[in-house]
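Structure, as structure tokens:
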Amino acid sequence: MEAVDPVPSGSRVQEPVPWWRRRRRELLEIARKGTPAYVYDLDQIRLHARRLRRLRHARRLFYAVKANAHPAILRALAGEGLGFECVSAGELELVRAALPRLARGRILFTPNFAPRDEYAQAVRAGAWITIDGLHPLEQWSGTLAGADLLLRVDPGRGAGHHRAVTTAGPRTKFGLEPEQAERALALARRANLRVLGLHCHVGSGITDPLVWEQAAGPLLEILARHRRLRVLDLGGGLSVPAGESDLPFDLAGLDRVLGRVRRAAPGVEIWLEPGRFLVAEAGVLLARVTQTKAKGAEHYTGIDAGMNTLLRPALYGAQHPVDVLSCSDSGIRRRTHLVGPICESADFFGCSLMLAPLREGDVVAIGCAGAYGRVMASSYNGREPAREVVIGSGRPDVA
Ligand code: PLP
Numbered sequence: 128m129e130a131v132d133p134v135p136s137g138s139r140v141q142e143p144v145p146w147w148r149r150r151r152r153e154l155l156e157i158a159r160k161g162t163p164a165y166v167y168d169l170d171q172i173r174l175h176a177r178r179l180r181r182l183r184h185a186r187r188l189f190y191a192v193k194a195n196a197h198p199a200i201l202r203a204l205a206g207e208g209l210g211f212e213c214v215s216a217g218e219l220e221l222v223r224a225a226l227p228r229l230a231r232g233r234i235l236f237t238p239n240f241a242p243r244d245e246y247a248q249a250v251r252a253g254a255w256i257t258i259d260g261l262h263p264l265e266q267w268s269g270t271l272a273g274a275d276l277l278l279r280v281d282p283g284r285g286a287g288h289h290r291a292v293t294t295a296g297p298r299t300k301f302g303l304e305p306e307q308a309e310r311a312l313a314l315a316r317r318a319n320l321r322v323l324g325l326h327c328h329v330g331s332g333i334t335d336p337l338v339w340e341q342a343a344g345p346l347l348e349i350l351a352r353h354r355r356l357r358v359l360d361l362g363g364g365l366s367v368p369a370g371e372s373d374l375p376f377d378l379a380g381l382d383r384v385l386g387r388v389r390r391a392a393p394g395v396e397i398w399l400e401p402g403r404f405l406v407a408e409a410g411v412l413l414a415r416v417t418q419t420k421a422k423g424a425e426h427y428t429g430i431d432a433g434m435n436t437l438l439r440p441a442l443y444g445a446q447h448p449v450d451v452l453s454c455s456d457s458g459i460r461r462r463t464h465l466v467g468p469i470c471e472s473a474d475f476f477g478c479s480l481m482l483a484p485l486r487e488g489d490v491v492a493i494g495c496a497g498a499y500g501r502v503m504a505s506s507y508n509g510r511e512p513a514r515e516v517v518i519g520s521g522r523p524d525v526a
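Residue 128 is where the sequence shown starts when you use our numbering, and the numbers rise one by one after that.
Right, here's the structure in full:
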């Protein structure tokens, strides 16, 4: 990426008041037309894309579509110059439908245990393809002919906010062991396939930039032995602050780390494929209070969104900030568990939250819900996923 100006340090980019608090009236108006509803602010997404584009040592950015595949978001990010990382034929289709004129080479296909025909589809789409096992090279070299390939290597150690999103290290199903990468390169050479670089993604929700340097280590050793490899994709995983006391991700620190990695592999381009960082803070989930209940020593507040709407708290114990939008703040707080209408005890959004006393019909905003929210929704219990509303200035740019 071109250097625009220095990457801001972590603490300088923190917004003191989240946008969904500042735009309370607008959100209440949206909630009036129906809840639950995800609201995405495209300006926030562009802002985050521009922060990433200031990384001097990341040459290309591919947005991880799995985080949020809303077409307006895909178009906004294409307008900011990003490419797209897809993990399935379905995601390839979503990108192509939203951006029919997107140039070949701006899609990176990084599947895991996908069937052969999905690779064939990616080759037809002109995508870069990440190979993360020997099987495709041993069995399907004909299918891969003509494609530009990367090899996904497991550097041996993962990271992330939860073990379910840790995608490297022993007992994870992703990537080739560094020793297997040699065999993969030999297989590709024999089949006349073009391997242009290496890839790794060790997990999601990583707060320490040094993790990217540690992950790069074993890949740098391979690059040193194979000078014709030109790309080092270090994945995504950049964290977003989960609570008010968390610091924003240290982008300046990441750029320093990437600079060191680049100096260790002269002539190699570094790519990143962030998802959460770009969209998490741009999304809120609006929900309406359905019932309240005191039971024993506990107090519960029910809302019309459940784990079918936003799965992260039930799946990962993820924490999301909760704001009451519909009543003015009297300063009074009540300890309550915020729960949904799904018949599972895991159906909660927060335990022992200190919230203004809520009544039926009040509207709450569950913040930082733009990533891994609507994309993981289901119609479990016969409850449909939330609708989605896009706000923000200007029409999304089309690439
Ligand atoms: N790249 C790959 C291969 C992934 O599996 C993921 C997430 O699972 C990402 C990128 C994006 O991660 P994040 O949203 O944490 O940036």
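Here a beta-carbon is modelled for each residue, glycine too, at the ideal position from N, C-alpha and C.
{"Asked": "Buried or exposed for G302, please, with buried defined as at least 16 other CB atoms from any protein chain shown within 10 angstroms of its CB.", "Found": "buried"}
{"Asked": "From N508 to P163, what does the alpha carbon distance come to, in whole angstroms?", "Found": "15 Å"}
{"Asked": "Just list the residues that DSSP pairs E396 with in beta bridges.", "Found": "V358"}
{"Asked": "Check each residue's C-beta against every heavy atom of the ligand PLP and list, in chain order, those closer than 5 Å.", "Found": "A191, A194, T237, H328, S331, G362, G363, G364, E400, P401, G402, R403"}
{"Asked": "Excluding sequence positions up to five away, which residues of its chain have a Cβ less than 6 Å from the Cβ of P135?", "Found": "Note that P135 scores 42 on pLDDT, short of 50, meaning its location in the model is unreliable; the coordinates nonetheless yield the value given after this. Result list for P135: empty, nothing under 6 Å."}
{"Asked": "Does any CB atom of chain C fall closer than 9 Å to the CB of L209?", "Found": "Annotation note: the requested chain C is absent from the structure, which comprises a single protein chain."}
{"Asked": "Return the first residue and the last residue of the beta strand (DSSP E) that L325 is part of.", "Found": "321-326"}
{"Asked": "List the DSSP bridge partners of F189.", "Found": "G210"}
{"Asked": "Only counting the same chain, and skipping five residues up and downstream in sequence, which positions put a Cβ closer than 7 Å to that of I157?", "Found": "A164, V166, L413, V516"}
{"Asked": "Examine the Cβ distances between the stretch 265-274 and the stretch 243-251 and report whether three or more of them are shorter than 8 Å.", "Found": "yes"}
{"Asked": "Between the C-alpha atoms of S520 and G410, what's the straight-line distance to the nearest angstrom?", "Found": "15 Å"}
{"Asked": "Spell out the partners DSSP gives Y167 in its beta bridges.", "Found": "G410, V517"}
{"Asked": "On the CB-based measure, 16 or more other CB atoms within 10 Å of its CB, does K193 come out buried or exposed?", "Found": "buried"}
{"Asked": "What's the gap between the Cα of P297 and the Cα of E207?", "Found": "37 Å"}
{"Asked": "Could you check the C-alpha separation between A185 and E396 for me, to the nearest Å?", "Found": "7 Å"}
{"Asked": "L204 to V466, Cα distance in whole Å?", "Found": "33 Å"}
{"Asked": "Alpha carbon to alpha carbon, what distance is there between H447 and G364?", "Found": "18 Å"}
{"Asked": "Provide the residue span of the alpha helix (DSSP H) that contains D275, from first to last.", "Found": "Segment 275-279 is the beta strand (DSSP E) holding D275; no alpha helix (DSSP H) there."}
{"Asked": "Report the three-state DSSP secondary structure of S268 (helix, strand or coil).", "Found": "helix"}
{"Asked": "Mark D456 as exposed unless 16 or more other C-beta atoms lie within 10 angstroms of its C-beta, in which case mark it buried.", "Found": "exposed"}
{"Asked": "Looking only at its chain, what residues have a beta carbon closer than 8 Å to the beta carbon of G370, apart from the 5 residues adjacent to it on each side?", "Found": "Q446, P448"}
{"Asked": "Could you check the C-alpha separation between Q248 and F211 for me, to the nearest Å?", "Found": "15 Å"}
{"Asked": "Helix, strand or coil for V502? Go by DSSP, reduced to three states.", "Found": "helix"}
{"Asked": "Measuring only the C-alpha atoms, how far is P523 from A295?", "Found": "Model confidence at P523 stands at a pLDDT of 45, short of 50, so the residue's coordinates are unreliable; what they give is reported in the following sentence. Taking the straight line joining both Cα atoms gives about 35 Å."}
{"Asked": "Under 7 Å Cβ to Cβ from A473, same chain only, skipping five residues before and after it: list those, please.", "Found": "M434, A441"}
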